[in-house]
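This report refers to the structure that appears directly beneath it.
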Amino acid sequence: MLVEIVGKRYEEKLITTSLKVAEVFEKEHKNVLQSIENLVADNSAAKFFQLTTYKNRGKEYPMYEMDRDGFSLLVMGFTGEKALQWKIKYIEAFNKMESELKRLYTERQQWQIERDKGVVIRHILTDTIKMKITESPNKRFAYPNYTNLIYRNLFGKTAKELESDYGVKAKENLRDFFTGDDLAKVQSMEMLVSSLINCGWGYQQIKEFIRSEATKMIA
Numbered sequence: 237m238l239v240e241i242v243g244k245r246y247e248e249k250l251i252t253t254s255l256k257v258a259e260v261f262e263k264e265h266k267n268v269l270q271s272i273e274n275l276v277a278d279n280s281a282a283k284f285f286q287l288t289t290y291k292n293r294g295k296e297y298p299m300y301e302m303d304r305d306g307f308s309l310l311v312m313g314f315t316g317e318k319a320l321q322w323k324i325k326y327i328e329a330f331n332k333m334e335s336e337l338k339r340l341y342t343e344r345q346q347w348q349i350e351r352d353k354g355v356v357i358r359h360i361l362t363d364t365i366k367m368k369i370t371e372s373p374n375k376r377f378a379y380p381n382y383t384n385l386i387y388r389n390l391f392g393k394t395a396k397e398l399e400s401d402y403g404v405k406a407k408e409n410l411r412d413f414f415t416g417d418d419l420a421k422v423q424s425m426e427m428l429v430s431s432l433i434n435c436g437w438g439y440q441q442i443k444e445f446i447r448s449e450a451t452k453m454i455a
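Mapped onto our numbering, the consecutive letters of the sequence shown carry residue numbers 237 to 455.
Next up, the structure:
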């Protein structure tokens, strides 16, 4: 891959490496390194390059990572028809990965909106349970029971089974592993359950209703 997305979540950036540039432009890596070091000597260009290492046969060697601007500066002096073709391919690769990064950011923004909505809707469900369900020793199980009912209906598994599938660790929240679409589905079901509880329906009635509605959707 000519261009990669690297970095931790929400701090990703697009880079290529001196090793990859040397390979595709058919140059000695040491010469590419020297060209970069000459550019880095000018402080205004240093921000475009990051010195790192790579391993080959158990040994570590220097390598530079660079962003689009660093790449443009580096290859400015590369000439020839083949060099021009690779410059064009690199530009296309940067553009493609930039579009992918924008798509990721858009998905994450939508996910965060759904996640924030979900917190409010979950509070509505828990408050409804507190106010509408008669006090009993089993009342404390109402929320997890309804949650598992929803998860079984949507995903075919309980919360515990989903946590195992996703590898959710202690202090992590299962819903942080759901997609934006999954969160929206859960929220819709929680609002439905809250409404039915408000209407005086019991767990078994709600369970049968949700199952029958799911069956209709499948049919």
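C-beta atoms are modelled at their ideal positions from N, C-alpha and C, and glycine is treated no differently.
Predicted model only: the values in this text are computed from it and were never measured.
Which of helix, strand or coil DSSP assigns to residue i
i      : result
Val404 : coil
Thr364 : helix
Pro380 : helix
Ile442 : helix
Thr315 : coil
Lys393 : coil
Lys325 : helix
Leu456 : No answer is possible for residue 456: it lies beyond the span of the chain, which begins at 237 and ends at 455.
Ile241 : strand
Phe285 : strand
Glu301 : strand
Whole-angstrom C-beta distance between residue j and residue i, which should lie under 8 Å
i      : j      : result
Val429 : Tyr387 : Contact flag wrong, Cβ pair sits at about 12 Å.
Asp305 : Ile251 : With a Cβ gap of about 11 Å, Asp305 and Ile251 do not count as contacting.
Close-in-space but distant-in-sequence residues of the same chain around residue i (CB under 8 Å, 5 per side omitted)
i      : result
Asn267 : Ala258
Glu248 : Ile241, Val242, Leu337, Leu340
Gln346 : Gly416
Lys256 : Leu238
Residues near residue i by beta carbon distance below 7 Å, same chain, minus five either side
i      : result
Ala282 : Val276
Glu343 : Gly416
Residue-level contact to chain D via CB, residue i, 9 Å cutoff
i      : result
His265 : As a matter of chain content, chain D is missing from the structure shown, which is built from one protein chain.
Pick from the options that is closest to residue i, judged by C-alpha positions
i      : options                        : result
Ile446 : Phe414, Leu390, Val404         : Leu390
Asn384 : Ala406, Glu426, Gln441         : Glu426
Leu269 : Thr364, Tyr297, Phe413, Asn279 : Tyr297
Ile365 : Gly316, Gln321, Gly438         : Gly438
Gly436 : Val355, Met299, Lys368         : Lys368
Met299 : Gly392, Glu273, Ala406, Leu361 : Glu273
Ala420 : Pro380, Gln348, Gly313         : Gln348
Glu350 : Glu449, Ser424, Lys263         : Ser424
Thr489 : Lys263, Arg293, Asp418, Leu410 : Outside the modelled stretch of the chain, which goes from 237 to 455, sits residue 489, for which no answer is possible.
6 Å CB neighbourhood of residue i in its chain, flanking five on each side removed
i      : result
Glu301 : Ile251, Thr253, Gln286, Thr288
Ala329 : Leu238, Val239
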